[in-house]
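A.B. asks: Using the numbering used here, the letters of the sequence shown correspond one by one to residues 236 to 1151.
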Amino acid sequence: MIKTWTQFIIILFPLFAFSQQQSHRLASKKDSLMPGMSTSIPFSLQNNSSENKVYDISVTTSSPLISPILVKGESQIPPHEVSVYLVPLRISAEATQGNYSVILNMTDRSNGISLTKVSQITVSANRNLSLTVLDSPEFTRSGETIHASFLVKNNGNVTENLILESKNAAIDHASSIILGPNESKVISIYKKTSPELGQNEFQNLNLSVYSKENPKENQTAYISTQVISVKPANMDIYHRLPIAASLSFIGMKNMGIYHDGFQGEIYGKGSLDKENKNQIEFHAVTHNPIELNTFTQYEEYFVNYKRDNLFIHLGDKTYSSSYLTEFARYGRGAEIRYDFNKVSLGGFYNHPRFFRDIKDEFNIYSAFKIRKESEISVGYLYKTPITENVDFGSTRLDTEAHLPYTKGKFKISKNINLSGEFAYSTTKKNEGTAYMAQAEINFTKFNGNLMYMKASPEFAGYFTNTNTFSGSIQYKLSKKINVFANYMQDAKNFQRDTLFLAAPYRKYFQYGIQYKYLSNGFIIFNNGYQKYQDRLEPKQFDYYERFFRVSVDQRIGIFQINVEGQFGKTDNYLTDFSGNSSLYSANLSFEKFKTSFSLFGSYAITSRYQLLNQKQFYYGARVFSKFSDKTSLSIFYQNNYIPEEYFKDRNLFELLFHQQLFPGNELDLSGRYALQRGQIGDKDFIFSIRYTWRPNIPVQRTAEYVSLSGNVSNLGIKKTEGIRLMMGSYLSVTDKEGNYIFKNVIPGNYFLEIDRSTTEINDIPTVILPAALPLNNKENIFNFGLTTAANIQGSIQLSETEEKNQTDIETFQAKKGRNKRESIIVEAISNEQTYRKICFIGEDFDFTYLRPGEWIIKLYRNGLDKRYKISNDKFQFTLNPSETKKLSIQIVKQQIEIKYQQESLKVGYNQIKNKK
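1. Skipping 5 residues on each side, what residues in its chain have a beta carbon closer than 6 Å to that of H522?
2. Is it buried or exposed for V319, if we count other Cβ within 10 angstroms and need 16 for buried?
3. What's the C-alpha gap between F597 and A479?
4. Provide the residue(s) that pair with Y750 in DSSP beta bridges, ordered along the chain.
5. Across the stretch 370–382 and the stretch 326–334, are there enough close Cβ pairs to call them in contact, namely three or more that are closer than 8 Å?
6. Under three-state DSSP, which class holds T993?
7. Determine whether the beta carbon atoms of F1019 and P1000 lie at a separation below 7 Å.
8. Three or more C-beta pairs closer than 8 Å, one from the stretch 681–698 and one from the stretch 552–562: is that the case here?
9. Could you check what DSSP says for Q257 in three-state terms: helix, strand or coil?
10. Spatial neighbours of P878 within its chain, please: CB distance less than 7 Å, with the 5 preceding and 5 following residues excluded, ordered by chain position.
11. Pairing CB atoms from the stretch 428–443 with CB atoms from the stretch 456–472, are three or more of them under 8 Å?
12. If we count the other Cβ atoms within 10 Å of its Cβ and call it buried at 16 or more, is H494 buried or exposed?
13. Run the CB neighbour count on F1082, radius 10 Å, all protein chains shown included, and call it buried at 16 or more, exposed below.
14. Report all residues from its chain with a CB closer than 7 Å to the CB of D508; omit the five preceding and five following residues, and keep chain order.
15. For N728, tell me which candidate among S464, F546, A737 and A720 has the shortest Cα-Cα distance.
16. Three or more C-beta pairs under 8 Å: does that hold for the stretch 661–668 against the stretch 566–585?
17. Does DSSP put K1050 in a helix, a strand or coil?
18. In the DSSP assignment, find the beta strand (DSSP E) that holds K646 and state where it starts and stops.
19. Along the chain, where does the beta strand (DSSP E) that runs through P524 open and close?
20. If you compare alpha carbons, which of L300, T367 and D291 is closest to T342?
21. Kindly indicate which three-state DSSP category A262 falls into: helix, strand or coil?
22. Kindly list the residues whose CB is nearer than 8 Å to the CB of K426, restricted to its own chain and excluding five residues on each side of it in sequence; keep chain order.
23. Would you kindly report the start and end of the unbroken beta strand (DSSP E) that includes Q775?
24. Where does P878 sit, in a helix, a strand or coil, going by DSSP?
25. List, from N- to C-terminal side, the alpha helix (DSSP H) runs of 4 residues or more that fit wholly inside the stretch 781–857.
26. Along the chain, where does the beta strand (DSSP E) that runs through A479 open and close?
27. Less than 7 Å between the beta carbons of N544 and D574, yes or no?
28. Nearest-angstrom Cα distance between M272 and K307?
29. What are the start and end residues of the beta strand (DSSP E) that includes H548?
30. To which residues does DSSP link M688 through a beta bridge?
31. Is the beta carbon of F698 sitting closer than 7 Å to the one on A658?
32. With a threshold of 8 Å on Cβ separation, who are the neighbours of T529 within its own chain once the five nearest residues in sequence on each side are excluded?
33. Can you say whether P773 is buried or exposed, counting buried as having 16 or more other CB atoms within 10 angstroms of its CB?
34. Could you check the C-alpha separation between D806 and F892 for me, to the nearest Å?
35. Would you check if there are 3 or more beta carbon pairs closer than 8 Å linking the stretch 971–983 to the stretch 944–958?
36. Which same chain residues, not among the five before or five after N874, have their C-beta less than 7 Å away from its C-beta?
Next comes the structure, spelled out in structure tokens:
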């Protein structure tokens, strides 16, 4: 009844409205029509004769998607009058955007003369995409692949060019599809899970769909699947401390003399309790059997402990009191620190191992926090010299030294930080002072830092009779252009450990501009000067150089390329001549097949060293390949190094191989040809074979073992004996009565699974498996039963009309000129599970392996034409074990009833003639 009145109003309402309005306003109703709606189109008919005219009328359209509701009719027009004939139309939901023609054919009954009138209508664009999850697994096992399917549907009337994306899964389809109006497509995504997953976790996958012409309208759907670990990490009832113990065999040929031997090492770091309150770290390395160098470890022993606000260190480390007094001094000693609310107290004792002047050091200090990132510290450092068998003329510290100091750091604002230090020293012979100030600023477009330090000639701290200044600024002119400047002046006199040689003295200034011409490429122009002076004797270089440098950095595909050129004028103070210096370098790096490659080379003609216009050519490569998570190989080669780097150990050739033999056991092989620090041409060969064992030592018992038991009841199946149940890495098999038990289980969250290969093919548990089980009690019980699965079978039929040989849908599809298969979505729902299928009309469908119980079947149209309806869109029933439920789904055409007025309705107007 409601539909009848709706159609009646839709058809006749425009007629009443027209009787009150001008004809040109009716014409406007033909624009902005939407798919799926009904409307009426007016035609103006005029009888200019003196006779009463009766016309037989038929209506056609330019597209089967625009269908007249009344195909035939008649119209009577009195003499010299104008009448309006209304044509009611239905616009199909599949009607695409564009212009269509409505054709009115009229035949005069009195003389048979035919007339034709045409009116244009416009169907507007309607964009409407939908993305729905169709199917996804609730559980999967690690190592298996998660498969999920989504239904993408174009509910609009515009053909869409769609882009498919997923941030965390692979799409089993091309990256773009084309969907016509009312078309849909099933898209599948998948992701391989790791077989090495250590614990159960959720994997969230997504699919996004958007139109290339309208990317802002993005549709995204998500699925969540729980991945069950088949190789769970060994959960433990103990809290353990990770330890690495290794034994190395090291050999070295140094200047023709060969030495070798074994070196042991043990290292551990972690907490002594599960609350992580007691932190401990220790390290022990035995004597190095070869000469000390950068590539092997020197002897070291230490242990430190931290709990809440207390820190204690015993043994070897690099001790530091402050930047000016003792910046870095490696030695053997002890340190303690305790942090109160805002005040910290601490101190250390240190016996230096690689410095000849100092015998012992004692330090105490106190720090006061002003606020979160600001504090002031005061301290006192006491040094005693070595007095036994030492020529004091060759040492810098020959008496006891007392060094009080104060330092602070202050956060002035979120963009400005200041820090500084002042120190005073006194010995039996003289006194000295030193100070340091530093500032850092960081704004959106501007950032920089400045640091100045000065120590007097008699200062007995880390620095003596020196000053240094360094700074850098950078300003961002735009998104693509930066300008910058850098200045650095090294300190000249400082008390470094004899384990290392000093880097060359540098005085350096440069300024330049960087232009980012592409998102993956930029060019830098530099200008400036630099001074390099060798600190060692005999000197290898001492020069002052003014230079201009150009550097280009560009990424092309997988390749990262850097090209640099430098041109300068050099004043050589070592040989007292001046000349030109030019350098050219190139670097190429890329990654392929789990292997990274880096190639580099440089060519220079310089006047920095012993000869004028001396030519230098350096080249090399590095290859690192990670064959798997357990195996890696690294190879490095460089033909030589510039003289400015000869203060350190340098690799000419290096080979490193790492192999995990099995969990917790590793083997490392290394071999090197190297230039030792201070050496120019003498090469040494060093090799090492290292075996490492990584045990986890129990330090605290954190839990007790628990158990899980239960019964698998027989609910009409053949047997419940011999059924294998799995829970993580635990297995259990049922006895004759269906009883099972898991013993000595570590407490935690598990999933109980059943091995279906040990049951009949149609046996189904009465609960969903895998079943999540939190096992926290000493004894846990879980019972369930096995019964026989049920099935649902059905068919989808279209009820035919008596007047046609074809079904309406077949006729409609033929009109559309394409073989589109109409379908509906069938959804099966129980209390705990939901299944969905896209089912085509005229075909059968089924749901198999269903758990007996209450089930509901819901039907969804999935774009079914609005003229057709599903007779019954919901079924509810109870499935019994082994039952196959038959369903018949009927699709019928909705009947439309149109009521006509008993009398004709005339709409006209009188012509008023102008009288002259």
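The C-beta atom is built at its ideal place from N, Cα and C for all residues, glycine as well.
C.D. replies: In short:
1. E534
2. buried
3. 33 Å
4. I716 and I758
5. no
6. helix
7. yes
8. yes
9. Low confidence applies to Q257: its pLDDT is 38, below 50, so where it sits in the model is not reliable enough to give any reading.
10. Q775, F776 and Y844
11. yes
12. exposed
13. buried
14. H474 and Q935
15. A737
16. no
17. Low per-residue confidence applies at K1050: pLDDT is 46, beneath 50, and the placement is therefore not dependable, though the value from the model is reported in the following sentence. K1050 falls in the helix class under three-state DSSP.
18. A636 to K646
19. Careful: P524 lies outside any beta strand (DSSP E) and carries neither H nor E.
20. D291
21. Low confidence applies here, because A262 scores a pLDDT of 41, under 50, leaving its location unreliable; read the following figure in that light. In this structure, A262 counts as helix in the three-state DSSP scheme.
22. T380, I381, N403, A404, A405, Q438 and L440
23. Q775 -> no beta strand (DSSP E), and no H or E assigned at all.
24. helix
25. none
26. Y473 to N489
27. yes
28. 21 Å
29. L545 to Y554
30. M671 and T703
31. no
32. K883, D884 and R912
33. exposed
34. 46 Å
35. yes
36. Y853, Y854 and G855
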